[in-house]
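In our numbering, the protein residues as written are -9 to 126.
Each residue gets a CB set at the ideal place from its N, CA and C atoms; glycine is no exception.
Computed from a predicted structure; not experimentally measured.
See the structure below:
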């Protein structure tokens, strides 16, 4: 039985007029913005994008083609304040599968109470005669 050769032999180039392949350097810019509307980090547990997007996982990633969503921190500040007469309000983020677990927020203090999940602001109506200033 004849033996088969499993590996192909390397073929030498016929001429030396072949165009050399240019070496592609990393396209990562030195300064990557966190989001189009934010320049710096907004949480203590967050790393700057230039530090977070390193290592072998992001080696050949072109960051110009990656989506850069807007930071929701400024969008949530545009939400109107929910005024209530109750001392405790329940927030479930809209309910259903798109919401979050129901939490109860104390609105006794004369300041805007914010939901820890979705960031919706709540404040209690104060009786007449009390002059307070809301802190946000």
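By DSSP's criteria, residue i is part of a beta bridge. Which residues make up the other side?
i	result
residue 78	96
residue 28	25
residue 111	104
Could you check where the alpha helix (DSSP H) with residue i kicks off and where it finishes?
i	result
residue 65	63 to 67
Going by other Cβ atoms of all chains shown within 10 Å of its Cβ, with 16 needed for buried, is residue i buried or exposed?
i	result
residue 127	In the structure displayed, the chain extends from -9 to 126; residue 127 sits before or after that span and is not available.
residue 103	buried
residue 91	exposed
residue 113	buried
residue 139	Nothing can be reported for residue 139: it is not among the residues displayed for the chain, which extend from -9 to 126.
residue 46	exposed
residue 63	exposed
Between residue i and chain D, is any beta-carbon pair separated by less than 9 Å?
i	result
residue 92	Looking for chain D here will not work: only one protein chain is present.
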